[in-house]
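There are 10 protein chains.
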Amino acid sequence: MNRHDVTERIVAERIARKLSWAEVAKHVGKSKEWTTAACLGQMTLDAQQAAVVAKLFGLTEAESAWLMVTPAKGSLSSPVPTDPLIYRFYELVSVYGTTFKELIHEEFGDGIMSAIDFRMELKREPDPNGDRVNIVMSGKFLPYKTY
Amino acid sequence: MNRHDVTERIVAERIARKLSWAEVAKHVGKSKEWTTAACLGQMTLDAQQAAVVAKLFGLTEAESAWLMVTPAKGSLSSPVPTDPLIYRFYELVSVYGTTFKELIHEEFGDGIMSAIDFRMELKREPDPNGDRVNIVMSGKFLPYKTY
Amino acid sequence: MNRHDVTERIVAERIARKLSWAEVAKHVGKSKEWTTAACLGQMTLDAQQAAVVAKLFGLTEAESAWLMVTPAKGSLSSPVPTDPLIYRFYELVSVYGTTFKELIHEEFGDGIMSAIDFRMELKREPDPNGDRVNIVMSGKFLPYKTY
Amino acid sequence: MNRHDVTERIVAERIARKLSWAEVAKHVGKSKEWTTAACLGQMTLDAQQAAVVAKLFGLTEAESAWLMVTPAKGSLSSPVPTDPLIYRFYELVSVYGTTFKELIHEEFGDGIMSAIDFRMELKREPDPNGDRVNIVMSGKFLPYKTY
Amino acid sequence: MNRHDVTERIVAERIARKLSWAEVAKHVGKSKEWTTAACLGQMTLDAQQAAVVAKLFGLTEAESAWLMVTPAKGSLSSPVPTDPLIYRFYELVSVYGTTFKELIHEEFGDGIMSAIDFRMELKREPDPNGDRVNIVMSGKFLPYKTY
Amino acid sequence: MNRHDVTERIVAERIARKLSWAEVAKHVGKSKEWTTAACLGQMTLDAQQAAVVAKLFGLTEAESAWLMVTPAKGSLSSPVPTDPLIYRFYELVSVYGTTFKELIHEEFGDGIMSAIDFRMELKREPDPNGDRVNIVMSGKFLPYKTY
Amino acid sequence: MNRHDVTERIVAERIARKLSWAEVAKHVGKSKEWTTAACLGQMTLDAQQAAVVAKLFGLTEAESAWLMVTPAKGSLSSPVPTDPLIYRFYELVSVYGTTFKELIHEEFGDGIMSAIDFRMELKREPDPNGDRVNIVMSGKFLPYKTY
Amino acid sequence: MNRHDVTERIVAERIARKLSWAEVAKHVGKSKEWTTAACLGQMTLDAQQAAVVAKLFGLTEAESAWLMVTPAKGSLSSPVPTDPLIYRFYELVSVYGTTFKELIHEEFGDGIMSAIDFRMELKREPDPNGDRVNIVMSGKFLPYKTY
Amino acid sequence: MNRHDVTERIVAERIARKLSWAEVAKHVGKSKEWTTAACLGQMTLDAQQAAVVAKLFGLTEAESAWLMVTPAKGSLSSPVPTDPLIYRFYELVSVYGTTFKELIHEEFGDGIMSAIDFRMELKREPDPNGDRVNIVMSGKFLPYKTY
Amino acid sequence: MNRHDVTERIVAERIARKLSWAEVAKHVGKSKEWTTAACLGQMTLDAQQAAVVAKLFGLTEAESAWLMVTPAKGSLSSPVPTDPLIYRFYELVSVYGTTFKELIHEEFGDGIMSAIDFRMELKREPDPNGDRVNIVMSGKFLPYKTY
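The listed protein sequences derive, respectively, from chains H, A, W, R, G, S, B, Z, F and L. Okay, so the first sequence: first residue is 1292 according to this note's numbering, each after it adds one. Okay, so the second sequence: first residue is 1292 according to this note's numbering, each after it adds one. Okay, so the third sequence: first residue is 1292 according to this note's numbering, each after it adds one. Okay, so the fourth sequence: first residue is 1292 according to this note's numbering, each after it adds one. Okay, so the fifth sequence: first residue is 1292 according to this note's numbering, each after it adds one. Okay, so the sixth sequence: first residue is 1292 according to this note's numbering, each after it adds one. Okay, so the seventh sequence: first residue is 1292 according to this note's numbering, each after it adds one. Okay, so the eighth sequence: first residue is 1292 according to this note's numbering, each after it adds one. Okay, so the ninth sequence: first residue is 1292 according to this note's numbering, each after it adds one. Okay, so the tenth sequence: first residue is 1292 according to this note's numbering, each after it adds one.
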């Protein structure tokens, strides 16, 4: 058994138990964004969070222990994602990659937006022409330093 | 000469002329996000926008004509980007890809967030622990339809 | 168990039960194109459709539940398909890719043909020199917007 | 000089001379689909067609000679296309690849749709919810033969 | 169970039953070239052929049914084959690829040699300096057509 | 200047001088298959052959010298060829690769068909249903030896 | 002209002018590690540093301006480096990658070692059995945060 | 069973038995860096070390035997690592690769830093702005020799 | 069961039975180089050799039969090997590849060193500065022939 | 100008001046193996060697200076070499890679054969059945050390 197996269990149990990610997040006491990423094997849970998740999905103790182990992260099965929804995000990096780079450097100088000290929120944005997906990302700016 | 050559010209001229993207955008009359992407060869300019950009960067008429041609898009030179700043965005897709998928499907059902009917805004988010990069993305939800 | 396993079950059961895709589609009440894609794990079924499919192929309740979960899409096992029939479609994209791009931009301006708001029909086109495969594709044009 | 250089010349001249592909096709006397593919270096022109194209774009005799040479075909610069418009076609092959395969085999038996004995037509399909791109493809069915 | 499993069964049974491909072909009533390809999962058998093969290798009815399903073709496990014998054929395509192209176009004009309407024969060519492998390939020429 | 440049010169000169490969081969005194491969940079010419080729295509002495240098071989620009004609040969290796392997081992035992001690002939095979491309390959069998 | 061209100029000038990187660093007033990386196009110089470097290598004003532009980083020309010296570092990541991961997580919890807030020093470590390369790396630990 | 299976067993047992790598190393009597790499299948243990590890993790005799077999090394599952922590090390090779090369050649001449005659130490470096990961690497310099 | 499974059995049994490859070779009556390659699934054994190997490793009759089947060769799991020992050989091909080519062509003319009619011997070369691995390779030169 | 350009110059000059590598080596005073590798941009020459080479090939002083700069090594243009002669060496690594590994570990324990402290000799081995290429490689064994 490894973390990947536990993720597969959670995915299957969530469907069988008809739980929404929002409900899971409410039990865990964290945002639905972080909670979903954690349940999908991208974040590390503490003992209390793991206990909640284990109870919600009926995990064994051994499975629950894996939730507290720092996982090997990365949820794509190929360098270029094949699922249309995930591909659109990849396309945004492809089309807007140099734009992100220019504008962040213009505003902050040389450095990066952290993908670690990072949070995001995803919500519905009502629109008469069809509702929109609205995502707010916030990552700490980390400057390159001379030495 | 092709669009790529024109992009390289703009990149070099902007440095020589010490213009910021924000200034360019003000002249063009569009957001700095769209303007930067357009100048970097990812969007199509109309005649008036092209005239403004050509004047700002001292482009020839032939170069200016290319700005109005729909470009072959995609600004990455390899499937996995090597520049650290751009890679962080790729990493976000890698780590959060399945989370995006789950949460969008939970909220909207089967479909995608459009990367075409899309806009974004990038700004500085002041923070006592170090300022943050704040990006708001908004893309129309497009549902899969049965037929 | 995951969606992929359910797809493999359906594929095997269809052969054993000697059902044509056209017959399956008639039971589901949708086109044979959409129905086949859905049964092959590329589309999401609603409760009623899933019940019909489950009955036709003798699926368990757990298997049937997977049909209603939005699948991770993409049916190719490598970036360049190896099956000769599927490769021919890839070759069409390779040979006609820039032609599609030029003609759509000439007719509609900058934007894309949606692969989401999309439908297609595949039928036999009788021809004295040998019958032909006739495919009609229809996808909504989505324009890039300035902002 | 090679065919690729001639293609680049044509692409640049068409923009400078403000010719539409439909106009080019009318002069050549073939469909806009075939003519565009031919001008983009994917098809071979005969002497008369080459003369028309050479005159339209102001090509030299040496450049014109290349139009009559069978080209090395394939217009994508990477196995997975990066331009969003062309990628959507690749995505269709990815999502519907096995569906194409199943339905063609169901209708015709083992074999392929020819990408050589092939024609297509691309037109605007008016729609109150937004016009659509309509593509009709027709390729001869080629059966595998036993021997 | 899928076609690949059936192929693996046939491969193992042939060794255990000490059958040569030539013998299998004689029972099937087709050439050894077609028969081998069919048994290795690259061609579709009809009911009678499948019955013969099933009897020769002791296949179950379910396994036999798979022989009549059009297979997903392509027998290489990587884009560049690693087995020295198969690699030599790949090398021939690499070294002689442009020669094939030039000579076929010189003789026939623009088009291809069909890999579908195709047959081949492989035999021993006695030679005092060491016997040779002799392969005769015959594929229908398919011309590109204007439209 | 390198061999590749000389190949490009020959390709361009052949078109300008309207020479067929068959004519070139007659002057060189070798088969059209070997001669074409040699002119396309895959074989080494001796002094006399190089002189003939240089005269036919108007090569300089320095260019002619390159013809006598053993070239870096391999005429494909990517692992999987994109040109439809050349791809069909790759597809034959993909579909028939394991068949080649089985039948050669059945006839000769463990070893390979040499791609070095190799010759081939390509000709038109008249056929009332459409002429065919006929290719005869002959390569020495090389057995693996124990030691 | 782009940053890559400037890097090539510096590399060639350093050889012609017989300057060591240590000398360059002394003039710039930073460590030899940072200075070398900066001159090789991986870091951004400020106006004063750029002036020093421009004078040392005889750069034009336009070239010097590029030194102050944040570069597109990444100095490897392929995903797996081919130069033996650089490959050894890649091999260390390959062999010790999971060890780095385990030990950093054991000491710090979930998070990463920053490659941005990072410094390193490379020096000779005398050893009677043959001198050794000694590298000290120091990168800030960045913890993943819940939200 | 192979070495990879034994590594997976150790990984799982360590979590279940709540052992730190530092504790394991103390029992083995080697550094935590070497011990972790060895337990993760990258180094070969001698009989005594294997006995200690087997006892700590409750391995069978057959499993223990594998620890003494030289393993097939390399702990990354793809050429470019996807886990963020391990990727940062890859990024360091990408950004600093040519810097490593220049500085080692400047100090030692042509040659490499050995990745075999190599040791490293990883520790916490306290810092008021946030603690840092400190890694000291020491590898023997191996010069290229003429002959 | 396939040849790969038999190879895995042999690998595991050799460790359990504490047999050296030199001992296995002595029983088989061939060199340790050929014998090891054969046991690792790269060569074909005759009936007598297979019987010896089967007895040494306790193989079943079915497993033994696989040893006499010509295997699908190639022992690397990725195009660029990751194991440091095997990588060094790949690096030799990378660094010395063009040198091999120049010197063989200088000595023999156009052609190759056969990797089929090939033998090698690997032994310890005592050296006061540390013993060396000494490998002698001998492969028949195969000339390209005109035709 | 860079080292690669100098290598191209040497390659072209050697052909024009009709120098053999053996002659070049005699002038340099080193083996033909090392000398060829050095001239092809894989080794570093000292001042005296560079002067000899520069005189032999008529290099400028600037070109000659590059010979003394440690080159970026690796002479293959793709991960899997396409030239048949070089590919055979790659195939040997593929087929015999695990054999090299087993036999070196059996003789020496865990470690590698150095590709740096390495020399080789390539010569003709007369044989009545056709002369053979004989290559002797000698590389220092480097053991992995515990710490």
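From the three backbone atoms N, C-alpha and C, an ideal C-beta is built for every residue, glycine too.
Minimum C-alpha distance to residue i - residue among the options
| i | options | result |
| --- | --- | --- |
| Ile1403 (chain L) | F:Ala1342, F:Glu1397, F:Leu1383, F:Tyr1435 | F:Leu1383 |
| Lys1439 (chain S) | G:Lys1317, G:Ala1342, G:Glu1397, G:Ile1407 | Residue 1439 (chain S) cannot be examined here, being either before or after the span of chain S that is shown, 1292 to 1438. |
| Asp1317 (chain R) | R:Val1343, R:Val1371, R:Asp1418 | Correcting the residue type first, residue 1317 (chain R) is Lys in the shown sequence and not Asp. For Lys1317 (chain R), the nearest C-alpha among the options comes from R:Val1343. |
| Arg1379 (chain H) | W:Ile1306, W:Phe1391, W:Glu1393, W:Ile1407 | W:Ile1407 |
| Thr1437 (chain S) | F:Ala1307, F:Ser1322, F:Tyr1438 | F:Ser1322 |
| Thr1390 (chain W) | R:Phe1432, R:Ala1307, R:Lys1431, R:Ala1313 | R:Ala1313 |
| Thr1351 (chain B) | B:Pro1417, B:Cys1330, B:Arg1300, B:Ser1368 | B:Arg1300 |
| Leu1413 (chain R) | W:Asp1418, W:Glu1393, W:Pro1419 | W:Glu1393 |
| Lys1431 (chain Z) | L:Ser1405, L:Arg1423, L:Ser1385, L:Asn1420 | L:Ser1405 |
| Asp1374 (chain G) | L:Asn1425, L:Tyr1381, L:Ile1377, L:Ser1368 | L:Tyr1381 |
| Tyr1387 (chain F) | L:Ser1385, L:Leu1376, L:Ile1395, L:Val1386 | L:Leu1376 |
Neighbourhood of residue i by C-beta distance below 6 Å, restricted to the same chain and skipping five residues each side
| i | result |
| --- | --- |
| Trp1357 (chain L) | Arg1294, Val1297 |
| Arg1423 (chain W) | Glu1416 |
Bridge partner(s) assigned by DSSP for residue i
| i | result |
| --- | --- |
| Lys1414 (chain S) | S:Asn1425 |
| Lys1431 (chain Z) | B:Arg1423 |
| Met1404 (chain Z) | Z:Phe1432 |
7 Å CB neighbourhood of residue i in its chain, flanking five on each side removed
| i | result |
| --- | --- |
| Glu1304 (chain L) | Phe1348, Gly1349 |
| Met1334 (chain S) | Trp1325, Ala1328 |
| Ala1353 (chain Z) | Met1292 |
Own chain residues within Cβ distance below 8 Å of residue i, not counting five before or after
| i | result |
| --- | --- |
| Gly1332 (chain Z) | Arg1294, His1295, Val1297, Thr1298, Pro1362, Lys1364, Ser1366 |
| Ser1429 (chain A) | Phe1409, Arg1410, Met1411 |
| Pro1434 (chain W) | Phe1399, Gly1400, Asp1401, Gly1402 |
| Ala1338 (chain R) | Met1359 |
Where residue i meets chain E, residues with beta-carbon distance less than 8 Å
| i | result |
| --- | --- |
| Met1428 (chain W) | No chain E is part of this structure, whose protein chains are labelled H, A, W, R, G, S, B, Z, F and L. |
Review point. Quick one, which residues of the segment 1296-1312 of chain G are near chain F if we go by CB-CB under 8 Å, in chain order?
Key: Glu1299, Val1302, Ala1303, Ile1306, Ala1307
Check your understanding: Going along the chain, which unbroken runs of the alpha helix (DSSP H) with 4 or more residues stay wholly within the segment 1343-1402 of chain S?
Key -> At a cut-off of 4 residues, the continuous stretches assigned as alpha helix (DSSP H) that sit fully inside the segment 1343-1402 of chain S are 1352-1358, 1375-1399.
Practice item. Check distances from the C-beta atoms of the segment 1394-1411 of chain Z to those of chain L and list, in chain order, the residues that come in under 7 Å. Key: His1396, Asp1401, Gly1402, Ile1403, Ser1405, Ile1407, Asp1408, Arg1410
Check your understanding: Between the segment 1331-1353 of chain W and chain H, which residues of the former have a C-beta closer than 9 Å to a C-beta of the latter?
Key -> Ala1353
Point to revise | Chain-ordered residues of the segment 1358-1386 of chain H with a beta carbon less than 8 Å from chain R | key: Val1371, Thr1373, Pro1375, Tyr1378, Glu1382, Ser1385, Val1386
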